[in-house]
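Colleague: Quick note, the sequence shown lines up with residues 855 to 1503 if you use the working numbering. We put the beta carbon where it would ideally sit given N, CA and C, even for glycine.
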Amino acid sequence: MDYLQTLFNRNFLEYASYVIRDRAIPDLEDGLKPVQRRILHSLFDMDDGKFHKVANVVGHCMKYHPHGDASIGSALIVLANKELFIDRQGNFGNVITGDAASAPRYIECRATPLASELFYNPDITRYLPSYDGRNREPAAFRAKLPIILLLGAEGIAVGMSTRIMPHNVREVIEAEKSCLSGKPFTLYPDFFNGGFVDVSNYEDGLGKILARAKLDISDEKRILIREIPFGTTTESLIASIENATRSGKLKISEINDYTTDTVEIELKLQRGVYSNDVVDALYAFTDCELSISCNLLVIKDNMPVLMTVTDVIKDHTKRLVSILKDELELERSNLTDRLHMRTLERIFIEERIYKRIETMKTADTVIAAVLKGFEPFREQLIREVTNEDVDRLLKIPIRRISLYDINKNREEVATINLRIKEINRLLKNIVGYAISTLDGILSKLPSETTERRTKIGSFTKVDAKEAVTRNVPLRYDRSTGYVGTGVSTGTQILKVTHYDRILVLRRSGIYTVVDVPEKLFVDKGMWYCGLSDKELLSRVLFTILYKDEKTGYPCIKRCRIEGFILNRDYLIVPEDAKILYVGTKDSFTFTVNYTKKPRIKTLVESFNAQDFREKGLKARGVRLATREVSSITQGEPKKSSLTKATNKK
855 MDYLQTLFNR NFLEYASYVI RDRAIPDLED GLKPVQRRIL HSLFDMDDGK FHKVANVVGH
915 CMKYHPHGDA SIGSALIVLA NKELFIDRQG NFGNVITGDA ASAPRYIECR ATPLASELFY
975 NPDITRYLPS YDGRNREPAA FRAKLPIILL LGAEGIAVGM STRIMPHNVR EVIEAEKSCL
1035 SGKPFTLYPD FFNGGFVDVS NYEDGLGKIL ARAKLDISDE KRILIREIPF GTTTESLIAS
1095 IENATRSGKL KISEINDYTT DTVEIELKLQ RGVYSNDVVD ALYAFTDCEL SISCNLLVIK
1155 DNMPVLMTVT DVIKDHTKRL VSILKDELEL ERSNLTDRLH MRTLERIFIE ERIYKRIETM
1215 KTADTVIAAV LKGFEPFREQ LIREVTNEDV DRLLKIPIRR ISLYDINKNR EEVATINLRI
1275 KEINRLLKNI VGYAISTLDG ILSKLPSETT ERRTKIGSFT KVDAKEAVTR NVPLRYDRST
1335 GYVGTGVSTG TQILKVTHYD RILVLRRSGI YTVVDVPEKL FVDKGMWYCG LSDKELLSRV
1395 LFTILYKDEK TGYPCIKRCR IEGFILNRDY LIVPEDAKIL YVGTKDSFTF TVNYTKKPRI
1455 KTLVESFNAQ DFREKGLKAR GVRLATREVS SITQGEPKKS SLTKATNKK
């Protein structure tokens, strides 16, 4: 058993670690999940300037990705539709409508120049063996922009998840420049769909945002949806509107979808309903408004880390400086090697050192002769001459030696020296070079890519309870004793919404607050039924006239119901009491009819409810008389919201 427990724990930890690091959570360094990184690596491998069938790219990527072609294909489509790193040719679907892409054999793609500039530099990229050991793949690209903020990401792993919003590429670059210059910066999401966003609670990538559709209400009898919120499609948005209409929350007669490259959904309203009346309900009950929680979780140094947008920018500016420094130092090293070789070639040919090898018999003596020939010119050399240098010199063809152009060599050496000086200058001002690099990247981006599409605004989330119209009839059938929105017979008491709660006072004196029921049995006789909103209920003064069953004496109790627990039964009168009448007016006259007995002269007596003081809900009533009561009736009947109980038992 201990062995099984150990085996389970080890395997679970390995699986959890794999899902977190190698599948669901993006890496901070290049902002990519493993499948995205392998797709780009495949495109760089295959790059010849032409488009490639997506099916071929998927097949090539399977050399690096240990999962099926479907996961690679879907990830490639999503990445291509971001319109940053993959050029498309063919039907890649529509992210606005949710339409699927064509089969991989019919569509083509290739890496964009921007992708090559930002990601591809194999000389400074660390590579690892692929899953089967046959190939090499990058551990992470050394990206020159914080890709995680450009693309956004969403993933669920074992015990953790990430949801990162996409941001505007121009604003991200400007934020990096500000960070490099030591200036403050702020970044907010920008969505491909457009629409509006409230970032009041964004909390630097760890809070929430409210995303809204763009509505055109210039026509009072119809609404046009021009842009949709992030995370939705026209198909899902229309489905949510249809559901709200079917449930009675919206009064829409017709929905027409004219979406092509841009969104245009027409909502025709029912007769008597106007655009301004429907806007809040659209936000409350449909996907026209969405609350999105953000969680910026990334893999940093092989561990999951929760960061803010500011943290990502600051971290990446350091990485950018390191990348540019490594690139410059690598270029300087290559130029130095090239300069050394050109100097050796000039001396080798100008000073006719090649003549020394004519009489040599062995390879060792040849190398020794060449090395000795360079000794008088040591001061002109950048470093010591190696055997490898000699091998390269000996491979120079005779034709090239005979046609050697000393002036051309000097020009090349001068150019190399000039570039090395420029590199040294850039290394001394690496921050300035980083800023100019970012400016260069920004200048190459098309204007439609850098324009902000989502407008930032401030708006309050529409409460569904406030937005809904009370248009659902609540009926009570005395003959069956049922009340609810699903009762088709009986009397309509009031109109409610599905979000309301009602207070029901039964014939027995028990009152309960419940959610609006579809069908609830309350007995054949109900004294009161009304909305239980605390503000409304606090204005209702209940006058309960009841008979004490022990003595038969009439009593009156005036109180308000202000506190309650949902679905709990409460007794409004003492247990040994029988309610004879309930009123909700502040002032009304009622008549008490006494039981006829010997020596009792007065059998009828009238009172005004206003003459009796309001008491607490738990207090007992006030005795009206010390005579046995037979019935109580309203003295001067008036139209009231009161529902009298029937005297039928």
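Distance check for residue 1078 and residue 969, CA to CA, integer angstroms please.
Modeller: Here residue 969 is taken as the residue at index 115 of the sequence shown, counted from 1. Here residue 1078 is taken as the residue at index 224 of the sequence shown, counted from 1. Looking at the two C-alpha atoms, the distance is approximately 37 angstroms.
Colleague: Starting from the Cα of residue 883, find the closest Cα among 1056, 1189, 1166, 1090 and give me that residue.
Modeller: Walking along the sequence shown from the start, residue 883 turns up at place 29. Taking only the C-alpha atoms, the option nearest residue 883 is 1166.
Colleague: Between the C-alpha atoms of residue 1042 and residue 1013, what's the straight-line distance to the nearest angstrom?
Modeller: Position 188 of the sequence shown, counted from the first residue, corresponds to residue 1042. Position 159 of the sequence shown, counted from the first residue, corresponds to residue 1013. Each residue's Cα considered, the two are about 27 angstroms apart.
Colleague: Drop a sphere of 10 angstroms on the beta-carbon of residue 1143, count the other beta-carbons inside from all chains shown, and report buried for 16 or more, exposed for fewer.
Modeller: One-based indexing of the sequence shown puts residue 1143 at position 289. Under this definition residue 1143 is a buried residue.
Colleague: DSSP state of residue 1402, grouped into three classes?
Modeller: Sequence index remark: in the sequence shown, residue 1402 carries index 548 (1-based). In the structure shown, residue 1402 sits in a strand (DSSP, three-state: E or B).
Colleague: Along the alpha helix (DSSP H) that carries residue 1195, what are the first and last residues, could you check?
Modeller: Position 341 of the sequence shown, counting from 1, holds the residue named residue 1195. It spans 1163-1204 - the alpha helix (DSSP H) in which residue 1195 sits, taken as one unbroken run.
Colleague: Quick check on DSSP: helix, strand or coil for residue 914?
Modeller: Here residue 914 refers to the residue found at position 60 when the sequence shown is read from its first residue. Helix at residue 914.
Colleague: Please classify residue 1094: does DSSP put it in a helix, a strand, or coil?
Modeller: In the sequence shown, counting from the first residue as 1, residue 1094 sits at position 240. The answer is helix: DSSP assigns residue 1094 an H, G or I state.
Colleague: Would residue 1146 and residue 1011 qualify as a contact pair, given that the criterion is a beta-carbon distance under 8 angstroms?
Modeller: Sequence index remark: in the sequence shown, residue 1146 carries index 292 (1-based). Sequence index remark: in the sequence shown, residue 1011 carries index 157 (1-based). If you check the CB distance, residue 1146 and residue 1011 do not come in under 8 angstroms.
Colleague: With DSSP as the reference, please indicate the residues paired to residue 1110 in a beta bridge.
Modeller: If you number the sequence shown from 1, residue 1110 lands on position 256. Per DSSP, 1120.
Colleague: Can you look up residue 1352 in the DSSP assignment and give me helix, strand or coil?
Modeller: What you label residue 1352 is simply residue 498 of the sequence shown in a count that begins at 1. In the structure shown, residue 1352 sits in coil (DSSP, three-state: anything other than H, G, I, E or B).
Colleague: Over the uninterrupted alpha helix (DSSP H) stretch that includes residue 889, give me the two end residues.
Modeller: Within the sequence shown, numbered from 1, the residue matching residue 889 stands at position 35. Looking at the DSSP string, the run of the alpha helix (DSSP H) that includes residue 889 is 888-900.
Colleague: Less than 8 angstroms separating the beta-carbons of residue 1082 and residue 1049?
Modeller: Sequence index remark: in the sequence shown, residue 1082 carries index 228 (1-based). Sequence index remark: in the sequence shown, residue 1049 carries index 195 (1-based). Result yes, Cβ atoms of residue 1082 and residue 1049 sit closer than 8 angstroms.
Colleague: Does the contact criterion of 3 or more C-beta pairs under 8 angstroms hold for the segment 979-986 versus the segment 1118-1136?
Modeller: They do not touch, by the three-pair rule.
Colleague: Does residue 1217 have its Cβ less than 8 angstroms from a Cβ in chain C?
Modeller: The displayed structure is made up of one protein chain only, and chain C is not part of it.
Colleague: Using beta-carbon positions only, say whether residue 1486 and residue 1408 come within less than 8 angstroms of one another.
Modeller: For the purposes of this step, residue 1486 is taken as residue 632 along the sequence shown, with counting starting at 1. For the purposes of this step, residue 1408 is taken as residue 554 along the sequence shown, with counting starting at 1. In contact: residue 1486 and residue 1408 (Cβ atoms closer than 8 angstroms).
Colleague: Does the segment 1147-1158 touch the segment 1086-1106, meaning 3 or more C-beta pairs lie closer than 8 angstroms?
Modeller: No contact exists between the segment 1086-1106 and the segment 1147-1158.
Colleague: Taking its Cβ as the centre, do 16 or more other Cβ atoms sit within 10 Å of residue 1259, making it buried, or is it exposed?
Modeller: In the sequence shown, the residue the question calls residue 1259 occupies position 405. The residue is exposed, with fewer than 16 neighbouring Cβ atoms inside 10 Å.
Colleague: Buried or exposed, going by whether 16 or more other CB atoms sit within 10 Å of the CB of residue 1393?
Modeller: Within the sequence shown, residue 1393 is the residue found at index 539, counting from 1. It counts as exposed.
Colleague: Would you identify the three-state DSSP class for residue 1033, choosing helix, strand or coil?
Modeller: For the purposes of this step, residue 1033 is taken as the residue at position 179 of the sequence shown. DSSP places residue 1033 in helix when its eight states are reduced to three.
Colleague: Put residue 1503 into one of helix, strand or coil per three-state DSSP.
Modeller: Reading the sequence shown from its first residue, position 649 is the one you call residue 1503. Note that residue 1503 scores 30 on pLDDT, short of 50, meaning its location in the model is unreliable; the coordinates nonetheless yield the value given after this. In the structure shown, residue 1503 sits in coil (DSSP, three-state: anything other than H, G, I, E or B).
Colleague: Please list the terminal residues of the continuous beta strand (DSSP E) segment that includes residue 995.
Modeller: Locating residue 995 in the sequence shown gives position 141, where the first residue counts as 1. Taken as a continuous stretch (DSSP letters only), residue 995 belongs to no beta strand (DSSP E), as it is neither H nor E.
Colleague: Across which residues does DSSP place residue 1485 in a beta bridge pair?
Modeller: Sequence index remark: in the sequence shown, residue 1485 carries index 631 (1-based). Paired residue(s): 1447.
Colleague: Would you tell me roughly how many angstroms separate the C-alpha atoms of residue 951 and residue 1114, rounded to the nearest one?
Modeller: Taking the first residue of the sequence shown as position 1, residue 951 is located at position 97. Taking the first residue of the sequence shown as position 1, residue 1114 is located at position 260. The straight-line gap from Cα to Cα measures roughly 8 angstroms.
Colleague: Quick one, which of 1247, 904, 1384 has its alpha-carbon nearest residue 940's?
Modeller: Locating residue 940 in the sequence shown gives position 86, where the first residue counts as 1. Taking residue 940 as reference, the option from 1247, 904, 1384 with the minimal CA-CA separation is 904.
Colleague: With residue 908 and residue 961 assumed to form a contact (beta carbons below 8 angstroms), what rounded beta-carbon distance in angstroms separates them?
Modeller: Here the question's residue 908 lines up with position 54 in the sequence shown. Here the question's residue 961 lines up with position 107 in the sequence shown. The Cβ separation is near 5 angstroms, so the contact holds.
Colleague: What do you get for residue 1112, buried or exposed, if any count of 16 or more other CB atoms within 10 angstroms of its CB means buried?
Modeller: As a first step, residue 1112 is located in the sequence shown; it is residue number 258 there, counting from the start. Residue 1112 should be labelled exposed.
Colleague: Check whether the segment 1320-1340 and the segment 1195-1209 are in contact - that is, three or more C-beta pairs closer than 8 angstroms.
Modeller: As far as the Cβ criterion goes, the segment 1320-1340 does not touch the segment 1195-1209, which means the pair count is below three.
Colleague: In the DSSP assignment, what residue or residues form a beta bridge with residue 1235?
Modeller: The residue given as residue 1235 occupies position 381 in the sequence shown. Note: residue 1235 sits in no beta bridge, so no partner.
Colleague: For residue 1312, count the other beta carbons within 10 Å of its own beta carbon; 16 or more makes it buried, fewer makes it exposed. Which is it?
Modeller: Within the sequence shown, the letter at position 458 stands for residue 1312. Label assigned to residue 1312: exposed.
Colleague: Determine the contact status of residue 1326 and residue 1006, defining contact as a CB-CB distance below 8 angstroms.
Modeller: Position 472 of the sequence shown, counted from the first residue, corresponds to residue 1326. Position 152 of the sequence shown, counted from the first residue, corresponds to residue 1006. No, the Cβ-Cβ distance between residue 1326 and residue 1006 is not below 8 angstroms.
Colleague: Who does residue 1016 pair with in a DSSP beta bridge?
Modeller: Position 162 of the sequence shown holds residue 1016. Residue pairing from DSSP places residue 1016 in a beta bridge opposite 1009.
Colleague: If you draw a straight line from the C-alpha of residue 1067 to the C-alpha of residue 889, how long is it?
Modeller: Residue 1067 sits at position 213 when you count from the first residue of the sequence shown. Residue 889 sits at position 35 when you count from the first residue of the sequence shown. A direct Cα-to-Cα measurement between residue 1067 and residue 889 gives close to 32 angstroms.
Colleague: Quick one: give me the first and last residue of the alpha helix (DSSP H) that residue 1243 is part of.
Modeller: Position 389 of the sequence shown, counted from the first residue, corresponds to residue 1243. It spans 1241-1248 - the alpha helix (DSSP H) in which residue 1243 sits, taken as one unbroken run.
Colleague: Helix, strand or coil for residue 1273 per DSSP?
Modeller: Here the question's residue 1273 lines up with position 419 in the sequence shown. If DSSP states are grouped into helix, strand and coil, residue 1273 belongs with the helices.
Colleague: Under the DSSP definition of a beta bridge, which residues are partnered with residue 945?
Modeller: Counting from 1 along the sequence shown, the entry for residue 945 is found at position 91. Residue 945 pairs with nothing; no bridge assigned.
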